[in-house]
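Colleague: I have a structure here, written as structure tokens, and I will follow up with some questions on it.
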Amino acid sequence: MKFTKKRFGWIADQEITEYQLTTTQGAVFKCLNYGAIVSGIEVPDKNGNCENVVLGFDTLEEYIEDSPYFGALVGRVAGRIKNGTWETYKLTQNEGPHHIHGGRANFSQIIWDTEVNEAADFIDIIFTHKSPAGDNGYPGNLTVKVVYRWTEKAVWTMDIRAETDATTLFNPTNHTYFNLSGSAKRTILNHKLQIASAVYAEVGADKCPTGRLIPVDGTPYDFRNSIFISEALAKQPTGYDTPFKLTTGNVLLNEPESGRQVAIRTTREAVVVFSTTGMDEEYIVMGKKMCSHLGIALETQELPDAVHHPHFQSIVLKPGEQYFSQTTYHFSA
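All letters in the sequence shown, in the order written, are residues 291 to 623 by my numbering.
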């Protein structure tokens with residue numbers, strides 16, 4: 291294993307660093323101390339050609355100005371909280387009347403403290419942050435520790451820990467967009483997706499969950515068997531921005547043409563699938579204009595807007611409790 295770092299830019303007088311972790315076989319994991327962003331993952335295809343399989347930008351300025359959370363850690367709470375309210379607290383409303391991904395200047399837009407832990411067969415990048423009481427309306431001083439581990443076997447593990455001094459909410463996620471074709475040379479339409487989920491959370495026109503958990507059987511949301519994303523989208527042309535409640539914590543994404551796959555396993559309750567349908571933007575990603583279906587986000591988390599739906603898993607964190615979750619991404623070809 292090899293570790294290097296380089297200056298990626300500046301925010302005021304603070305240096306932004308890109309860390310690069312490389313296996314002896316040449317598989318690469320890159321991340322930034324800004325937003326704990328995963329800025330690149332380069333893994334081999336079935337012919338041994340290493341290419342980047344996540345969407346990102348070449349410059350810090352693009353991440354600051356244009357990014358739809360590419361590769362970023364978001365929180366305190368991922369997804370939407372309807373009307374930005376919880377009990378007597380009023381949270382930042384940063385999507386119309388609703389609160390999304392932790393509000394303004396959320397975890398994806400801060401500079402994290404970082405440490406590096408090197409071992410023979412893995413390297414850890416350790417991110418820490420202290421979110422003060424009142425941050426985006428949340429109560430409690432929250433201490434967060436996130437560890438990205440890249441192993442010799444091209445496995446990325448994300449461990450998240452947190453504790454608070456007052457009752458608060460915590461439901462973070464990583465917002466990496468995958469495209470296993472390599473360098474985004476093809477869209478995700480020829481990828482296959484499998485999700486161990488028997489029910490999905492219905493969302494309304496405002497994209498907030500209604501509270502209904504609907505069986506996937508006979509619907510466009512049935513990914514229990516691996517299916518081409520193009521085939522799924524033919525039944526759901528408006529695309530997916532959909533929470534799936536997991537049964538075993540397993541998600542599998544693969545692209546037959548390149549042979550690459552990523553097997554995701556998580557302790558989290560759910561995964562939100564975002565298909566980038568309709569994301570025709572002016573900014574450039576990997577040398578090309580951002581377009582519909584250029585990537586797919588697979589966001590492991592608890593079900594969104596859980597504070598308004600008591601039958602969803604609680605995202606309340608209390609003093610004395612130690613929050614922990616783990617998601618692993620195993621790349622192979």
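Note that CB positions come from ideal geometry on N, CA and C, so glycine has one too. This structure is a prediction, so every number in the text was calculated from the model and none was measured.
Along the alpha helix (DSSP H) that carries A629, what are the first and last residues, could you check?
Modeller: Because the chain in this structure spans residues 291 to 623, residue 629 falls outside the shown range and cannot be described.
Colleague: Counting only runs of 4+ residues fully inside the segment 506 to 594, write out the alpha helix (DSSP H) ranges in chain order.
Modeller: Those alpha helix (DSSP H) runs which fall completely within the segment 506 to 594 and span 4+ residues are 519 to 525.
Colleague: Using C-beta distances below 8 Å, list every residue in its chain close to I306, excluding the 5 sequence neighbours before and after it, in chain order.
Modeller: The answer, listed in chain order, is R297, F298, G299, W300, L322, N323, Y324, L350 and I401.
Colleague: Among the residues of its own chain, which have a CB less than 7 Å from the CB of D348, if the five just before and after it don't count?
Modeller: So no residue of the chain qualifies.
Colleague: According to DSSP, simplified to helix, strand and coil, what is A596?
Modeller: Looking at A596 - three-state DSSP - the assignment turns out to be helix.
Colleague: Is the separation between the beta-carbon of F397 and that of V344 shorter than 7 Å?
Modeller: No; because the gap between Cβ atoms is not below 7 Å, this pair is not in contact.
Colleague: What residue from N515, N469 and L503 has the CA that sits closest to S565's CA?
Modeller: Here the closest residue by C-alpha is N469.
Colleague: Could you name each continuous beta strand (DSSP E) segment of 3 residues or more that falls completely within the segment 310 to 340, going from the start of the chain to the end?
Modeller: If we require 3 residues or more, the beta strand (DSSP E) runs fully inside the segment 310 to 340 come out as 318 to 322 and 328 to 334.
Colleague: Work out the CA separation of P422 and K380 for me, nearest whole Å.
Modeller: One C-alpha to the other measures close to 16 Å.
Colleague: What is the DSSP secondary structure of E352, counted as helix, strand or coil?
Modeller: Looking at E352 - three-state DSSP - the assignment turns out to be helix.
Colleague: Measuring straight from C-alpha to C-alpha, what distance separates I485 and P334?
Modeller: Spanning the two alpha carbons is a distance of roughly 24 Å.
Colleague: Taking its Cβ as the centre, do 16 or more other Cβ atoms sit within 10 Å of Y359, making it buried, or is it exposed?
Modeller: So Y359 counts as buried.
Colleague: Whole angstroms is fine: what's the gap from G494's alpha carbon to P429's?
Modeller: Rounded to whole angstroms, G494 to P429 spans 28 Å at the Cα level.
Colleague: Give the C-beta separation of G330 and G346 to the nearest angstrom, bearing in mind that I take them to be a contact with Cβ-Cβ under 8 Å.
Modeller: At roughly 6 Å, the Cβ-Cβ gap stays under 8 Å, so G330 and G346 are in contact.
Colleague: Could you give the first and the last residue of the continuous beta strand (DSSP E) run that contains A488?
Modeller: First-last of the beta strand (DSSP E) with A488: K482 to V493.
Colleague: Any idea what DSSP makes of K443, helix, strand or coil?
Modeller: Coil at K443, not helix or strand.
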